[in-house]
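Chains A and B supply the protein sequences, listed in that same order. What the first sequence shows, in the numbering used here, is residues 13 to 405, in sequence order. What the second sequence shows, in the numbering used here, is residues 7 to 485, in sequence order. The structure appears right after this line, and notes come after that.
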Amino acid sequence: MYNVKIDCSVAKKVIADDMILTKGVATTAGSKMLEGFMSLFTSEALVRLEEKGYGLVGKAKVGEFGFDLLGETAVNGALTADGVLKLAAAEAVLANEADVALTMDINGSVRRAAAQTGLVSVKPTYGTVSRYGTIPVACSGETVSLMAKNVADVKDALAAVAGHDPKDGTSLPDSMYVTDAATPKRIAVLTDMLANVNADVKAKVDSAVAALKADGIEVVEVTNDKIAAAKVAWNILMSAELCNNVSRYDGVKFGYRTPNFTNLDELYMNSRTEGFGELLKTAILFGSETLSTDNYMKVYDKALRIRRVVVEEFKRLFQEFDAVLMPACSTLEYTVDAVNNDKYMAFNENFYTAPASISGLPAVVAGGVQLVGKAFSEDKLFTLAEKLEKEGK
Amino acid sequence: MKYETVIGLEVHVELATKSKIFCSCSAHSFGADPNDHVCPACCGMPGMLPVVNKRVVDFGMKAGMMLNCDINRVTTFDKKSYYYPDLPAAYQTTQWFAPVAVNGLVEIETSKGKKGIRIKQIHMEEDAGKLVHDIREDTTHVDFNRTSVPLIEIVSQPDLSSAEEVEAYLERLKSLLRYAKVAECEMAHGTMRCDVNLSVRPEGSDKLGVRAEMKNMNSIEAIKRAIDYEVARHIDAIENGTEELRQETRRWDDIKGKSYAMRTKETAGDYRYFPDPNVMPVVIDDEWFDSIKASLPEFPEVKKAKYMELGLSEYDATRLSESIAIAECFEDALSVCGNAKEAANWVISEVTRVLNAKGMSYEMLTLDGKVLGKLINLVLESKVSRANAKKILDAMFEDPELDPIKYAEENDLVMSNDTGLVDKVIAEVIAGDAKAVADFKGGKDKALMALFGKCMKQLKGNVDPATLRTMLIDAINKL
Ligand SMILES: [Zn+2]
C-alpha cells in the first residue's frame, strides 16, 4: 500500500499518492523512471493541508504516472486482494491508516476506487485547487482530488486546499469562487452511461436514485450521446499531453539513466525503453501520433472541438438540473485476470470518468455513484452526497 | 541571364527583462557560473507550472508596435517538442497559433533608396540552455542559465534581395528595439541571432527558387559573406549545373568562407506543436494596450528632424539619433546647458571618444546627460577650461555620482581669474628659458609652444588658452 511510510502522531492524517511531490520524501510516479526521485519542493495542496493541521503518514503507490485503471501498472507491482485490483490510497483510508487521501485524478482511477469501495471523493472544479507540485500528465483536465470515508471529511480537506495560487497559471482568482450552495431540487440520470454497466453498478445507481427521490429530489432520465463521446476525445488529449509531459524523462537530467549507451540517441532511447512500462509507452506513441503535422487537424484539433461540445452540452443540462448522476465504472471490481486480458481497459473504463475530466467540471463520488455538477457547485454536490451517505448508513 | 535573390530572415532577439519568461530566475547570467540562475521550473523538473512574466508580454507588444505590427489582443502559448540536452523539459514554450504581433512593416534605406520590408509575425518564446564541451574530459556539460530567458522571433516576409538590404534591415531592427529599450540586440553577445532563408530565381520570375536556410548566424559581416557565397553557389548551380539544389539547412563556416549542407538528421523532425494547457491565453485589454502605446519612444527620424530644427547639421542629427542612449544623453545635456551646438559636439566627439577608448557600445553608456550639461555650462561660463573639462568627463565615466564643479574645485581644475598669478608664472617661465625666448624672437614659432606648455602645466590648465597665449606674447614682446 505504501511506497513510503512516515511516523505521524497528528490527529488528522493524510496519505498522498505518489503523483504528489513531497520534499524530503521520494516521489516515484509509480515508474522505474522516477525511482527514488527527490523533489526540491512540496505540492501546494499538501502544504495547505499541513497548515490546517493534517500530518502526512506516507506515500501511496500508484500505477505508472497515475493514468491507468486502478494502479495495475505500478513498477513495484499492483496492490491486489483475492485477485482483485485495489487502489492503495483508497485502501489506506479504509484501513484507517489515513483520514484523507490526497491524490491526482488524471484518468478517473480515484473515482473508480471511491465508487467501488463506498468512499467519498471529490474531483474539484478545474483551477480551484493548485496543481503546483504535482507530477504533470494530462494538464488540461487532471486535478488534485480528495477521498475520505465521509462527506464531511472530504469537505474539510477541500476547504483546506482550495483557493488561488499564484504559482499555478491556471489557478482561478479567488473572486471567481462563487459557491452555488442553493438547495438542489432536480437531477438528471445520464442513461447513455447505464447501457454497459453490470448489475452491481446498476443496483448502486438505482438505490442512489431511490434515496434522492425519497428525500424530495426530482430525478429525470436524460440521454446525451455528445457527452458520451467525451471518452474518445479525452483519450486523445490525455495521451498527447502525457507524451509531451513525460518527454522530460530522457536520462539526461534526473530519473533513470540507462547504463547502456555510446551516444546521445542511445542514451535517450535506452533510458526511456528501459525506464517506462508498456501502457505508458502505448500512450506516448498514440499521443505523439495525434500531434504529428499530418494528424493534428484531423485528430487533436477535433478532440479539442469535442471538448467544447461536451462543455456546452453540460451547460445546457445545468440550466435544468442541479447535477448529472452517472456511474464511475462498469463494475464494482476489476480482477487481475480481466486486466491481464485487456491491458487497455483504462482507455475504455474512462467512458464514465472522461466527461468530468475533459470538461473540468466538479465530480463527487458517494454511495457508489458519481455526481457531476456545474463549475463551483461542489457544495450542492456535497448536499446530494450527504443524502446518499444517510441512505447508506 | 540576370538573377534576383529572395531573402527572408528569422531574427531571434533576447528581451532585456530582469527575470526569465516563466520563473523568477534572473535572465542575465553574463559572468555567472554555470547553472547559477536556475530553479526547478527552468530546468524542467516535474511539478513546476509556468507563470507568464507580464514584462515579457509588455516588451513583445512594444517590439510589435515599433515594427508597425498589429497586436493580437488574445495571444497564446504553445509547446514545441524536440529532444536535445539543452532543452530540459524536451519542449520549448513558444507561440505558434496566435503570436503577439503580426503584419508589420519596417522601412530600410540603402544606396538604392528606401524600401519597406514586411514583417510576417513576432512571437515570444523561451531560450534553450547551452552545451559546453570539455575537450580534456571528452564530455559535454549542460548549462541551464539561459533556459527560459525570454526571446522574440521576428519573422520577415521574403522581401530582402541583397546583403546590403539585410544589413540595413538588421541595423534598423537593432535601432528600433533599442529605442524601445526592450533588447540589447548585440550579435556578439548572442542577444541577437539570425536565420537566413535564401533562394535565387531569374529576374522577373514569379516562381521562387530552391530555398537554403542558414541557421544561427551571429555577425552581420558573416551574414553578408554567407549571402554572397550562397547567391554565387545558386547561380553557378542554375547556370552550370555544378550541383543539384535542394531545400536544406546549411551551416556557414565563416573561417573557411563556405557553407555546408547539414545532415538531414539534424534538421528533420516534427515539432508536434499544440497549445500549452498550463498557460492561459493572455488577453490584452484596452488599458494594457494603451499604456504600452503611450510608452513608445519617438522614432529615430522624428528625433533627427527635431535636432535639425535646432540648427544642427544633418550629419550631426543623424549621429545623435542613431542610438537612443546617445539621443537621450544629448537631450538631457541640452535641457541643462541650452546650447544645442555645444551639447552635440560634446556628445558626438567627447562622449564617443571615451566610449571608444573603453571599448564600450553606445548602449553601455551610463553617463547622466544632465551632469554633462552642467559640465558644458562650466566651460561656457569659463569656470573650467576645455582641456580640463575633458579630464572631468573622463572622471564622470568612472563615477556616475560625480558633481563636476565639486570635482573641479577638489582637483584644482577651476580656471584662474587671478591675472596676477598668470603674470607671475609667465615671468618665471620666460626667465627660466632664455633660449626659447630668443628662438621665438628669432622667428621660430615652435618655441612659443614650449613656453606655452610650461605655463599651462604650472597653471594646471586652469586658464583660457587664448588668453594665456596673448599674455605670453605680450610679455615676450615687452622684454
Ligand atoms: Zn528558473
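Ideal Cβ positions, reconstructed from N, Cα and C, are used throughout, including at glycine. Since the model is a prediction, treat every value here as computed from it, not as a measurement.
Next on the checklist: Taking its Cβ as the centre, do 16 or more other Cβ atoms sit within 10 Å of Met-116 (chain A), making it buried, or is it exposed?
Outcome noted: In the first sequence, the residue the question calls residue 116 (chain A) occupies position 104. Classification for Met-116 (chain A): buried.
Checklist entry - Can you round the beta-carbon distance between Asp-140 (chain B) and His-129 (chain B) to whole angstroms, since I take them to be within the 8 Å contact cut? => result As a working mapping, residue 140 (chain B) is identified with position 134 in the second sequence. As a working mapping, residue 129 (chain B) is identified with position 123 in the second sequence. In fact, because the Cβ distance is near 34 Å, the residues do not count as touching under 8 Å.
Checklist entry - Start and end of the beta strand (DSSP E) containing Gln-382 (chain A)? => result Counting from one through the first sequence, the residue named residue 382 (chain A) turns up at place 370. Run containing Gln-382 (chain A): 381–384, per the beta strand (DSSP E) assignment.
Checklist entry - Per DSSP, Leu-427 (chain B) is paired with what? => result Taking the first residue of the second sequence as position 1, residue 427 (chain B) is located at position 421. DSSP output for Leu-427 (chain B) lists no bridge partner at all.
Next on the checklist: With a threshold of 8 Å (Cβ to nearest heavy atom), would Ala-47 (chain B) be considered close to ligand 1?
Outcome noted: To locate residue 47 (chain B), count along the second sequence from 1; it is residue 41. At least one heavy atom of ligand 1 is nearer than 8 Å to the Cβ of Ala-47 (chain B), so yes.
Next on the checklist: Can you give me the C-alpha to C-alpha distance between Thr-203 (chain A) and Pro-164 (chain B), rounded to a whole angstrom?
Outcome noted: Mapped onto the first sequence, residue 203 (chain A) falls at position 191. Mapped onto the second sequence, residue 164 (chain B) falls at position 158. About 58 Å.
Item to check | Contact test: Ser-355 (chain B) Cβ vs ligand 1 heavy atom, cutoff 8 Å | outcome: Position 349 of the second sequence, counted from the start, is the residue given in the question as residue 355 (chain B). No, since every heavy atom of ligand 1 falls outside the 8 Å radius drawn around the Cβ of Ser-355 (chain B).
Item to check | For Glu-307 (chain B), the nearest candidate out of B:Pro-40, B:Val-112 and B:Leu-137 (CA to CA) | outcome: Looking up residue 307 (chain B) in the second sequence gives position 301. Closest by alpha carbon: B:Val-112.
Item to check | 8 Å contact criterion, which Val-285 (chain B) and Phe-83 (chain B) should meet: CB distance rounded | outcome: Locating residue 285 (chain B) in the second sequence gives position 279, where the first residue counts as 1. Locating residue 83 (chain B) in the second sequence gives position 77, where the first residue counts as 1. Going by Cβ atoms, the distance from Val-285 (chain B) to Phe-83 (chain B) rounds to 4 Å, so yes, they are a contact pair.
Checklist entry - Just to confirm, does Lys-26 (chain B) get its C-beta within under 8 Å of one of the non-hydrogen atoms of ligand 1? => result Position 20 of the second sequence, counted from the first residue, corresponds to residue 26 (chain B). Lys-26 (chain B) Cβ: within cutoff of ligand 1.
Item to check | Continuous alpha helix (DSSP H) assignments of at least 4 residues falling wholly in the segment 321–373 of chain B | outcome: 330–343, 346–351 and 358–364
Next on the checklist: If we define contact as Cβ-Cβ less than 9 Å, is Val-264 (chain A) a contact residue for chain B?
Outcome noted: For this step, residue 264 (chain A) is matched to residue 252 along the first sequence. Chain B, which has a Cβ nearer than 9 Å to the Cβ of Val-264 (chain A), makes this yes.
Item to check | Near ligand 1: Ser-154 (chain B) beta-carbon under 8 Å from a heavy atom | outcome: Residue numbering aside, residue 154 (chain B) sits at position 148 when the second sequence is read from its first letter. Flag set: Cβ of Ser-154 (chain B) near ligand 1.
Checklist entry - In terms of residues, what are the limits of the alpha helix (DSSP H) holding Cys-461 (chain B)? => result For the purposes of this step, residue 461 (chain B) is identified with residue 455 of the second sequence, where counting begins at 1. First-last of the alpha helix (DSSP H) with Cys-461 (chain B): 451–464.
Checklist entry - Does Arg-278 (chain B) have its Cβ less than 9 Å from a Cβ in chain A? => result As a working note, residue 278 (chain B) is residue 272 in the second sequence. Closer than 9 Å to some Cβ of chain A, the Cβ of Arg-278 (chain B) qualifies, so yes.
Checklist entry - Quick one: does the C-beta of Ser-30 (chain B) sit closer than 8 Å to a heavy atom of ligand 1? => result The residue given as residue 30 (chain B) occupies position 24 in the second sequence. Checking every heavy atom of ligand 1 against the Cβ of Ser-30 (chain B), one is found closer than 8 Å.
Checklist entry - Where does the unbroken beta strand (DSSP E) through Lys-167 (chain A) begin, and where does it stop? => result Taking the first sequence and counting its residues from 1, the one referred to as residue 167 (chain A) is at position 155. Counting along the chain, Lys-167 (chain A) falls outside any beta strand (DSSP E), though it belongs to the alpha helix (DSSP H) covering 163–173.
Item to check | Check: Val-44 (chain B) C-beta below 8 Å from any heavy atom of ligand 1 | outcome: The residue given as residue 44 (chain B) occupies position 38 in the second sequence. The answer is yes for Val-44 (chain B).
Item to check | Residue from A:Val-141, A:Gly-287, A:Gln-128 and A:Ala-240 with nearest C-alpha to Lys-214 (chain A) | outcome: Along the first sequence, one-based indexing puts residue 214 (chain A) at 202. Nearest option by C-alpha distance: A:Gln-128.
Checklist entry - Lys-179 (chain A) CB to nearest chain B CB: under 9 Å? => result Translated into positions along the first sequence, residue 179 (chain A) becomes position 167. Yes, Lys-179 (chain A) counts as interfacial toward chain B.
Checklist entry - Which chain A residues sit within Cβ distance under 7 Å of Asn-41 (chain B)? => result Counting from 1 along the second sequence, the entry for residue 41 (chain B) is found at position 35. The premise fails here: Asn-41 (chain B) is roughly 11 Å from chain A at the closest Cβ pair, so nothing lies under 7 Å.
Checklist entry - Quick one: which chain A residues come within Cβ less than 7 Å of Leu-55 (chain B)? => result Position 49 of the second sequence, counted from the first residue, corresponds to residue 55 (chain B). Under the 7 Å cutoff, chain A gives Arg-143, Tyr-144, Lys-179, Asp-180 and Gly-181.
Checklist entry - Could one say the Cβ of Ser-21 (chain A) lies closer than 9 Å to chain B's Cβ atoms, at least one of them? => result Walking along the first sequence from the start, residue 21 (chain A) turns up at place 9. False, the Cβ-Cβ gap to chain B never drops below 9 Å.
Checklist entry - Does any residue of chain B bring its CB to less than 9 Å from the CB of Ala-41 (chain A)? => result In the first sequence, the residue the question calls residue 41 (chain A) occupies position 29. Yes, Ala-41 (chain A) counts as interfacial toward chain B.
Next on the checklist: Which residue marks the beginning of the beta strand (DSSP E) containing Trp-258 (chain B), and which one marks its end?
Outcome noted: In the second sequence, counting from the first residue as 1, residue 258 (chain B) sits at position 252. Its beta strand (DSSP E) spans residues 254–259.
Checklist entry - Under 9 Å, do Phe-288 (chain A) and Val-258 (chain A) count as touching if we go by C-beta distance? => result Residue 288 (chain A) sits at position 276 when you count from the first residue of the first sequence. Residue 258 (chain A) sits at position 246 when you count from the first residue of the first sequence. Cβ atoms of Phe-288 (chain A) and Val-258 (chain A): closer than 9 Å.
Checklist entry - So is Ala-363 (chain B) in contact with chain A if we call contact Cβ pairs under 9 Å? => result Within the second sequence, numbered from 1, the residue matching residue 363 (chain B) stands at position 357. Not one chain A Cβ lies under 9 Å of Ala-363 (chain B).
Checklist entry - Just the Cα atoms here: how many angstroms apart are Ala-41 (chain A) and Val-381 (chain A)? => result Residue 41 (chain A) sits at position 29 when you count from the first residue of the first sequence. Residue 381 (chain A) sits at position 369 when you count from the first residue of the first sequence. So the two alpha carbons sit approximately 27 Å from each other.
Next on the checklist: Can you pull out the residues from the segment 87–106 of chain B whose beta carbon lies closer than 7 Å to at least one beta carbon of chain A?
Outcome noted: Ser-87, Tyr-89, Pro-91, Pro-94, Ala-95, Ala-96 and Tyr-97
Next on the checklist: Asp-400 (chain B) and Met-377 (chain B) - do their beta-carbons sit closer together than 9 Å?
Outcome noted: Taking the first residue of the second sequence as 1, we reach residue 377 (chain B) at position 371. Taking the first residue of the second sequence as 1, we reach residue 400 (chain B) at position 394. Here the sequence assigns Val to residue 377 (chain B), which means Met is not the residue at that position. No.
Next on the checklist: Taking the beta carbon of His-43 (chain B) as the centre, do at least 16 other beta carbons fall within 10 Å, making it buried, or is it exposed?
Outcome noted: Position 37 of the second sequence, counting from 1, holds the residue named residue 43 (chain B). Label assigned to His-43 (chain B): buried.
Item to check | Runs of beta strand (DSSP E) lying entirely within the segment 169–237 of chain A, each at least 3 residues, in chain order | outcome: 198–202 and 230–234
Next on the checklist: Less than 9 Å between the C-beta atoms of Leu-68 (chain A) and Val-37 (chain A), yes or no?
Outcome noted: Translated into positions along the first sequence, residue 68 (chain A) becomes position 56. Translated into positions along the first sequence, residue 37 (chain A) becomes position 25. Contact flag set, yes.
Next on the checklist: DSSP has Val-16 (chain A) in a bridge; who is on the other side?
Outcome noted: On the first sequence, position 4 is the one that residue 16 (chain A) refers to. Partner(s): A:Lys-71.
Checklist entry - Between which two residues does the alpha helix (DSSP H) harbouring Pro-410 (chain B) extend? => result Here residue 410 (chain B) refers to the residue found at position 404 when the second sequence is read from its first residue. Its alpha helix (DSSP H) spans residues 410–416.
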